[in-house]
């Protein structure tokens, strides 16, 4: 056993040390989908300009739509169009005619050799699998055949003995096959390996303590029964709600004290018969400390071993006063805790399942969780094979000064300029009235906020255009509102952050009416940036932004846009953003996407295919023959009209928003008492409706999502609306027949204005 333990510790050390440096970020404007779809070529050169969100700020044309990039020769062969398709395929896939695959030391499938000849003999096919030459001298062929079949007989007998002893996982190669309705091949519809067998060691502290490094210790190990709940309750300040409706599993908590780095991690480990051979790491939210137990409860239902960290502290989501004079805590929150958790977590998972190697490693997180996922991809490309990233708060150095900036613009509370909840309602109604129809339909959903230019006259008090008796904003309040919508620049014309989008007003209260309006928006400066509790909003200036950018506290900003190393090892990113998000502005997420495209010298295809181009032919991966291939080869971005931050939609909008994104099933189950706490209620468990399964199909079967169907429900639990969510820059276009509320009547296209 000693040599086995040493091998595990060696792998752990390699994982812990696999952190690369983070270069300084550049800056670049972004595109709107409408502007990109108006381009005449597929792929377009990035010279188009955003329509903007409409506020007539004197800098509105300096928003994220002025990309002056002139890259190298564009891709000349467009991806085949599938504009008529409304949904992504599920995981019921036919085998592709491609090179045979073998499993490498890292547990991933690799191509080996060329496709076998159609007429190859049994012996030839067997030698192909073993990677041996086909042409054998005649004199030696009989001896080699006899030797081969003798070895094959021994192999078969050994396999049978292992199967009978319940340890077939020692032979199992995680080959992602197709799934039919009877789950006879590969994975079932929930992502389980239906033909795989694993064994597990006892769910006891000793199992895990045996492989922990000296700076880590087991805190707690518990066996959880079916339909049980687990967590730390009120002791977990960031996530006081437990995970509920759990399948049977082993729950493990570990504490790490490694020099200045101190954090905790937790694991949910399904039973050996339920484990799908994969790991899912779960992100956090905002500035919360504590383990995200509620969201951890989703992934075990798919069969994932599930992992999360407390980020190195214990606090509520809005609390920032845990960090003064403790840069180590900031670093743990910024990146160290998650990175160490993934490295150690993989070792613990493999130990529990009798040293079976993890076939695929995934990530799921929204908001701060989205930032964490992007950051880990940048510093450690080997951590994940696929990442589901929602509304990422990816640039803390820009976001936090912007919050103070807009908060200060709306103060004092009794000033003539101040707008509050009733005024947000007026703005939301105006945006809906003026912007809803831009997609050709009045359906209560603003699908093209960047194409809308707001006419302020009908809501400006004293203007003849204001209908009698209708609420309005004073000219001073209108000035404040325009300031909030506009992108933010310093006096020296340096870009700070993008402004709010039209349609996001329902969530403005998160920052602009957060209890004491001057409190949350200044905690960053008081407790982090300057460590001065006397600092207040009246002291805000452009210098705050410059100081924040220079210090990059905790090295938290995920601004190393060149993720070629992640792409080249086959990694995939599926990122989404609600267009009614009032917490993370949609244009900022688009900005990140465009920065990645620019840093990697990629293009943006306007026609998309289900095939994963990076995996279709071996001569394109990992080095990519194309000078500047489409970013969608490995990174796809989905915009969700009408959805707010990470999940949900205002009741009066009722936009489809549920597609099994991070935390969405937990919200439905725990806040609304609806659904099983995972997947998409009342919809097929397939990649067409479920983003987790869509990501798995892309990573494991090279079937890239062209769209995902989102759902929203009536109070009685029946489906209200479904609609396809399209891969940027495409958008959902109504086909002209049938109900607007049915996804099948829409398709994803680059619709020209």
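Numbering (the numbering used here), first residue to last: 32 to 784. Glycine is no exception: its CB is placed at the ideal position from the N, C-alpha and C atoms. Computed from a predicted structure; not experimentally measured.
Asked, Found
"Residues bridged to residue 396 [DSSP beta-bridge criterion]", "420"
"At least 3 beta-carbon pairs within less than 8 Å: the segment 418–437 vs the segment 567–576", "yes"
"Unbroken beta strand (DSSP E) run spanning residue 253, endpoints", "247–255"
"Beta-carbon proximity check, residue 315 vs residue 290, cutoff 8 Å", "no"
"Helix, strand or coil at residue 603 [DSSP, three-state]", "strand"
"Nearest-angstrom Cα separation, counted from residue 477 out to residue 417", "30 Å"
"Top-ranked residue by Cα proximity to residue 666, from 408, 307, 389", "408"
"Beta-carbon gap between residue 428 and residue 583 smaller than 8 Å", "yes"
"Residues near residue 24 in its chain [Cβ-Cβ closer than 6 Å; skip 5 each side]", "Nothing about residue 24 can be reported from this structure: the residues present for the chain run from 32 to 784 only."
"Neighbour-count burial assignment, residue 734, 16 or more Cβ in a 10 Å radius", "buried"
"CA-to-CA distance, residue 238 to residue 645, given in whole angstroms", "Only weak support is given to the placement of residue 645: the predicted model assigns it a pLDDT of 43, under 50, and the question is left unresolved by the model."
"Residues near residue 402 by beta carbon distance below 6 Å, same chain, minus five either side", "423, 424, 425, 589"
"Under 8 Å between C-beta atoms of residue 345 and residue 268", "yes"
"Collapsed DSSP secondary structure at residue 778 in the structure displayed", "strand"
"Inter-residue CB distance, residue 677 and residue 738 (contact presumed, cutoff 8 Å)", "No, residue 677 and residue 738 are not in contact; Cβ-Cβ is about 20 Å, not under 8 Å."
"8 Å contact criterion, which residue 696 and residue 709 should meet: CB distance rounded", "5 Å"
"DSSP-derived helix/strand/coil call for residue 661", "strand"
"For residue 670, the first and last residue of its enclosing beta strand (DSSP E)", "666–671"
"Nearest candidate by alpha-carbon position, reference residue 591, set 493, 475, 628", "628"
"Buried/exposed call for residue 283, threshold 16 Cβ in 10 Å", "buried"
"Three-state secondary structure assigned by DSSP to residue 566", "coil"
"Where residue 612 falls, given that 16 or more other Cβ within 10 Å makes a residue buried", "buried"
"Range of the contiguous beta strand (DSSP E) that encloses residue 762", "762–765"
"Where residue 635 falls: helix, strand or coil (DSSP)", "strand"
"8 Å Cβ cutoff met for residue 763 and residue 752", "no"
"Nearest to residue 380 (by Cα), restricted to the options 260, 487, 485, 229", "229"
"Cβ-based burial, residue 252 [other Cβ within 10 Å; buried from 16]", "buried"
"Reduced DSSP category for residue 527 - H, G, I as helix; E, B as strand; rest coil", "strand"
"Outcome for residue 529 when other beta-carbon atoms lying within 10 angstroms are tallied against a minimum of 16", "buried"
"Given residue 761 as reference, the closest of 366, 692, 781 once Cα atoms are compared", "781"
"Backbone secondary structure at residue 520 - three-state DSSP", "strand"
"Buried versus exposed call for residue 740 [16 or more other C-beta atoms within 10 Å across all chains shown]", "buried"
"Boundaries of the beta strand (DSSP E) in which residue 260 is found, first to last residue", "259–261"
"DSSP bridge partner residues for residue 738 (one or two, in chain order)", "757"
"Rounded straight-line distance, which links the Cα of residue 731 to that of residue 622", "29 Å"
"Proximal residues to residue 406 (C-beta, below 6 Å), its chain only, five neighbours per side dropped", "366, 589"
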